[in-house]
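> I have a structure I would like to understand better, so I am pasting it below and will then ask my questions one at a time.
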Amino acid sequence: MRHAIDDPEKPSDSRQTSTGQPASFKKGTTMDIKILQQPDDVTCGPTSLQAVYNHLGYKISLKQLISEIEFLEDGGTLGVFLGIDALKRGFKVTLHSYNLTLLDPTWSTLSMPELKAKLELLHKAKHAPKLRKAIEAYIRFIDLGGTVAFSDLRAAMFEKYFKKGVPVLCGLSATYLYRSMREFTGADDKSVFDDIHGEPMGHFVVVYGIDDKKQFMVADPDGTNPLHKTPYYKVDKFRLLHSILLGVMTYDGNVLVIENKK
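Take a look at the structure:
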């Protein structure tokens with residue numbers, strides 16, 4: 108979702124906070140991330156994914172990546188679709204999901220084959236088209252070698268990846284993160300803010316570090332976002348974590364970790 112600027116292929120090199128002051132980092136818990144501006148309001152997922160690929164040394168144009176990512180009929184994509192793309196390109200992929208519509212908490216100890224069997228039963232029992240498509244994607248994700256994790260959502264989980272030089276891609280609630288008006292996608296895939304007719308809106312961002320005050324460093328594909336109006340900013344730890352959990356309202360609510368295979 109969100110709004111485009113003039114040159115979507117030009118990444119920002121700014122690493123300042125919303126106050127204009129240089130960001131302060133804990134040693135070993137940040138990295139250099141360059142993110143492009145998403146071309147329209149429904150391509151935040153591929154744009155965030157391209158930033159992660161670029162950091163990992165995998166070069167692909169945003170235009171090509173957008174053409175190869177699976178999208179939903181009503182616009183946007185799912186974290187599991189992004190994970191499937193990464194698996195097809197040979198990466199190790201872990202999806203930390205908090206979507207209780209898809210995943211029952213009692214499945215947390217299951218192996219991936221056992222989880223797949225549960226998802227197949229769930230697919231037979233559910234009839235909502237969007238839910239069925241998401242279930243099918245999770246099954247494909249597992250078939251391709253992906254890992255679905257039921258980890259508690261803590262800052263320590265992020266720090267573990269940051270110390271390895273691995274950024275994380277988060278599917279979250281933009282409405283909560285930005286404290287913005289609810290919205291709907293109108294003509295030309297543009298967001299229309301409307302507190303009465305709008306709905307909570309999902310979004311993807313890359314989180315790439317944490318500072319000494321436990322504020323997360325965010326690379327946002329929407330450089331015009333209403334929170335800071337810049338692609339790089341700090342956000343309170345709890346604000347981000349709560350945004351991820353509330354992402355379940357829009358089939359987000361996940362943390363996607365993509366790593367090079369050793």
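Per this note's numbering: the sequence shown = residues 108 to 369. Ideal Cβ positions, reconstructed from N, Cα and C, are used throughout, including at glycine.
Check whether the Cβ atoms of S280 and T357 sit closer than 8 Å, and answer yes or no.
yes
> What's the call for G190, buried or exposed, on a 16-neighbour Cβ count within 10 Å?
buried
> Measure the Cβ-Cβ separation of N206 and N361 and say whether it is below 8 Å.
Taking C-beta atoms as the reference points, N206 and N361 count as a pair closer than 8 Å.
> Roughly how many angstroms lie between the CA atoms of A256 and I303, to the nearest whole one?
When rounded, the distance between both Cα atoms is 36 Å.
> Where do the N-terminal and C-terminal ends of the beta strand (DSSP E) with G324 fall, by residue?
A small correction: the amino acid at residue 324 is Met; Gly does not occupy that position in the sequence shown. First-last of the beta strand (DSSP E) with M324: Q322 to A326.
> Which residue marks the beginning of the beta strand (DSSP E) containing F248, and which one marks its end?
It is not in any beta strand (DSSP E) - F248 instead sits in the alpha helix (DSSP H) that spans P236 to D250.
> Could you pull out every residue in the same chain whose Cβ sits closer than 6 Å to the Cβ of F248, ignoring the five residues on either side in sequence?
V187, G190 and I191
> Over the uninterrupted beta strand (DSSP E) stretch that includes L226, give me the two end residues.
Note, L226: premise wrong, no beta strand (DSSP E); alpha helix (DSSP H) at M219 to A232.
> Quick one: any contact between the region 165-175 and the region 218-225, if contact means 3 or more CB pairs under 8 Å?
Cβ pair count under 8 Å is below three, so no.
> Confirm, please, whether the CB-CB distance from C151 to P333 is below 8 Å.
no
> Going along the chain, which residues of its own chain have a beta-carbon closer than 8 Å to the beta-carbon of L352, five neighbours each way excluded?
Y205, L260 and G360
> Identify whether D343 lies in helix, strand or coil by the three-state DSSP scheme.
If DSSP states are grouped into helix, strand and coil, D343 belongs with the strands.
> Can you list, in chain order, the residues of its chain whose CB lies under 7 Å from that of G253, leaving out five sequence neighbours each side?
G190, L194, V200 and L202
> Taking DSSP as the reference, what is the three-state secondary structure of G186?
helix
> Per DSSP, what kind of secondary structure is V149 in: helix, strand or coil?
coil
> With 16 other CB atoms within 10 Å as the buried threshold, where does L209 fall?
buried
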